[in-house]
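Numbered per the working numbering, the sequence shown spans residues 14 to 445.
Note that beta-carbon positions come from the ideal geometry of N, C-alpha and C, so glycine has one too.
Nothing here was measured: the structure is a model prediction, and the numbers come from that model.
Step one of this worksheet: look at the structure below.
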Amino acid sequence: MSELLVTGGQVLRPDLTVERADVLVSQDSGDIVAVDEPGALDGDDELDASGGLVIPGLVNAHTHVAMTLLRGLADDKPLDAWLQEDVWPVEAELTAEDIRAGAELGLIEMIRSGTTALSDMYFEVEEIADAVDQAGMRAVLGFTAVTVGKDDEAARSDLRESLDVARKLDGAADGRIRTTFQPHSLTTVGEDYLREFVPEALSDDLSIHLHANETRDEVTPIVDEHGQRPLAYADDIGLLDGDTYVAHGVHVDDSEIDLLAETGTGVAHCPASNMKLASGMAPVQDLLDAGVTVGIGTDGAASNNDLDMFDEMRDAAMIGKLAADDASAVDAGTVVEMATQNGADLLGFDSGRLEAGTNADLAVIDLDAPHLTPAHDLVSHLAYAVHGSDVRHTVCDGEVLMRDRSVEVFNERAVRDRASEHAAALVERASD
């Protein structure tokens, strides 16, 4: 049995207290064996956390990891124009090789900033799954189906592929990959198709992930056409009957918040993307107060423009206070829980907290920095002051993905060079 000892640092416990402790993980089972006082544990290998804070690996609850290739390509536009004029024309030219290159780049960015799990929506999902496997990370993956602008055969093919991919890849990467059935959104997948395919997903016990209530333009058409709020419409179709979480949830009213709580439907909050696209401010504190599980996601790098979950925590706290008009709303401890325990709950992983028996997914923050001095409150620092570049080590499933800021699972320079080449060729094809 091979065991890794993370030693010499302070540890963030599940109740958000901080204490000096060592963490022992099994590299065979991928679980935490024990968290105990310094010097009480021994391992076959050691990871030096001296001067650092050991935290659970961060969970990116909603992203499109391969969209790193579109980073900085189109900015400063509202969602619909950004998608239709810039993103979708370029995505139409993507190859499987492009998606693999973009995914590897995004996964390196996540590893470097302490993220160990992600929920991804995209296509060419097997390429993303292979990249996740190589990265040693956890992920919830799925093929994102869209029916608008397609004939019946193509629409059905999209939804069928979403089901087939979810069935095929669930449990891949030695169980580190889970899957979801993914209708893109309530406005991009027709009602008849949803009513036909959602029951099939539910009968197979597939989890469901979709965009919902991201902008007012995703609310008004449904109210006008169906005479009910979008999430009531989703519930009527059966989308909220199983293990479901939605991305964004910006424009939800009180009745929809209650519905989310009643059905156990979670929300992946994407504050930076919502701000950048001027989509609005999600009522995060109201969601939390109602008992809704809210995680945090970066969305894709094209609308963020990075995948740093520490940036996202700070954004979530700041915009949460503005939305509530209350400086005490969405406090530091809350956003740390959202980025760890809550995100893991949404994705269905036994991680997001450092205690015996849970997944050995963790990161070590180097506290030796001017912007982290003095250390009055390390939970406050995690929410408001830490940057992704402060991460020294990243571990997932007991395996070291990054040691002393050196990524061990990819040749980082080769990945960056390949991604740059693919991005340039992609844009050239799209402009022809």
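Straight-line spacing of the CA atoms in Ala-427 and Ser-341 works out to 45 Å. About 19 Å separates the CB atoms of Ala-303 and Asp-256; that is not less than 8 Å, and the two are not in contact. For Asn-287, the enclosing alpha helix (DSSP H) covers residues 284-289.
Proximity to Leu-66 across Val-422, Leu-395 and Asp-410 peaks at Leu-395, based on C-alpha coordinates. Positions of the beta strand (DSSP E) runs, each at least 3 residues long and wholly inside the stretch 262-324, are given as 279-282 and 307-309 in order along the chain. Counting along the chain, the unbroken alpha helix (DSSP H) around Gly-115 starts and ends at 109-125. If you check the CB distance, Asn-226 and Val-202 do not come in under 8 Å.
Under the three-state reduction of DSSP, His-75 is assigned to strand. Only exposed fits Ala-109, as fewer than 16 other CB atoms lie within 10 angstroms of its CB. Secondary structure remark: continuous alpha helix (DSSP H) runs of at least 4 residues inside the stretch 185-213: none found. Per DSSP, the beta-bridge partners of Phe-156 are Tyr-135. In the structure shown, His-400 adopts coil according to DSSP, grouped into three states. Assigned with DSSP and collapsed to three states, Ser-341 falls in coil, not helix or strand.
Restricting attention to Gly-293, Leu-182, Ala-373 and Asp-55, the CA atom closest to the CA of Cys-409 is found in Ala-373.
Around the beta carbon of Glu-434, fewer than 16 other beta carbons sit within 10 angstroms, so the residue counts as exposed. Around the beta carbon of Asp-338, fewer than 16 other beta carbons sit within 10 angstroms, so the residue counts as exposed. A contact is defined here as three or more CB-CB pairs under 8 Å, and the stretch 381-401 fails this definition with respect to the stretch 99-119. Leaving aside the five residues that flank Met-134 on each side, the residues in its chain whose CB is nearer than 7 Å to its CB run, in chain order, His-77, Gly-155, Thr-157, Gln-195 and His-222. In the three-state DSSP reduction, Asp-99 falls in the helix class (H, G or I). For Leu-54, the CB contacts under 7 Å within the same chain, skipping 5 residues up- and downstream, are Leu-18, Asp-35, Leu-37 and Ala-47 in chain order.
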